[in-house]
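The opening position of the sequence shown corresponds to residue 0 in numbering that gives the first Met the number 0, with each subsequent residue numbered one higher.
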Amino acid sequence: MLIYDISRPLNNFIETYPGDPEFRLSYLQTIDDGSPFSLSSFSMSSHTGTHIDAPSHFLSGGSTIDELPLSLLMGTAVLIQTTQEYIDAQTLEEHNIPKNTSRLLIGTKNSRCKGMTIDGAKWIMKRTINLVGIDRLSIEEPDTETFPIHKYLLSNHVLLIEGLKLDAVPADIYDLICLPLPTLSAEAAPVRAVLTKTVVKSGK
């Protein structure tokens with residue numbers, strides 16, 4: 000079985016969304032200092048690293064992290080890789096994504112990617128897709144002040160995973176496991192996301 004850990008490791012140097020608090024890990028005591036055990040603490044935004052956005056991130060009264068059905072976060076997922084500047088309807092259509100896809104992961108392999116367009120989001124809504132993941136810090140275009148993609152997708156019950164680590168994973172169909180910390184009433188939470196694929200070895 001192939002196993003890909005597609006979560007970004009958390010450390011004091013991890014990139015965060017502009018304006019968000021930085022991740023900070025510090026040790027309160029260590030064995031090396033003579034303490035009987037090591038103890039650390041960390042602080043972070045709920046949108047640090049690989050994380051999932053719940054509808055309440057942008058929608059008043061929307062579902063919070065602890066209210067999300069885990070069945071949406073586990074199961075078959077399609078991963079595409081694109082080098083296009085924008086994730087628009089044409090880009091998505093060109094990848095021949097199976098019509099029964101319910102979970103779509105998008106690797107950009109391109110630091111110049113400016114995010115998803117509204118027609119790309121509408122393309123998502125025309126399918127059966129109810130979860131979209133991306134390897135950027137945000138699915139939006141940089142410097143947006145209105146966040147139209149978040150609002151459109153979340154209001155239509157499409158969950159968003161951001162900050163994935165997909166650069167070393169080839170485009171294919173996988174099994175996704177993406178479990179958030181069960182944080183009560185939170186609008187987002189860090190996740191440990193993993194892709195697996197069973198490899199069938201041919202006989203001699």
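Note that CB positions come from ideal geometry on N, CA and C, so glycine has one too.
For clarity, every value in this text was computed on a predicted model and none was experimentally measured.
**Message:** So, for Arg191: in the same chain, excluding its five sequence neighbours on each side, which residues have a beta-carbon less than 7 Å away from its beta-carbon?
**Reply:** Answer for Arg191: Ser6 and Leu178, listed in chain order.
**Prompt:** If we count the other Cβ atoms within 10 Å of its Cβ and call it buried at 16 or more, is Asp19 buried or exposed?
**Reply:** exposed
**Item:** Where the beta strand (DSSP E) through Ser154 begins and ends
**Value:** No beta strand (DSSP E) contains Ser154, which is instead part of the alpha helix (DSSP H) from Pro147 to Ser154.
**Request:** Starting from Ala88, follow the alpha helix (DSSP H) in both directions and report where the run begins and ends.
**Result:** Ala88 to Glu93
**Message:** Short of 6 Å in beta carbon distance, which residues of its chain neighbour Asp65, apart from the five on each side in sequence? Order them along the chain.
**Reply:** Pro181 and Leu183
**Request:** Classify Gly162 as buried or exposed, calling it buried when 16 or more other Cβ atoms lie within 10 Å of its own Cβ.
**Result:** buried
**Request:** Could you tell me the boundaries of the alpha helix (DSSP H) in which Met73 lies?
**Result:** Note, Met73: premise wrong, no alpha helix (DSSP H); beta strand (DSSP E) at Met73 to Gln80.
**Item:** For Ala76 and Leu175, believed in contact at Cβ under 8 Å, the rounded distance
**Value:** 4 Å
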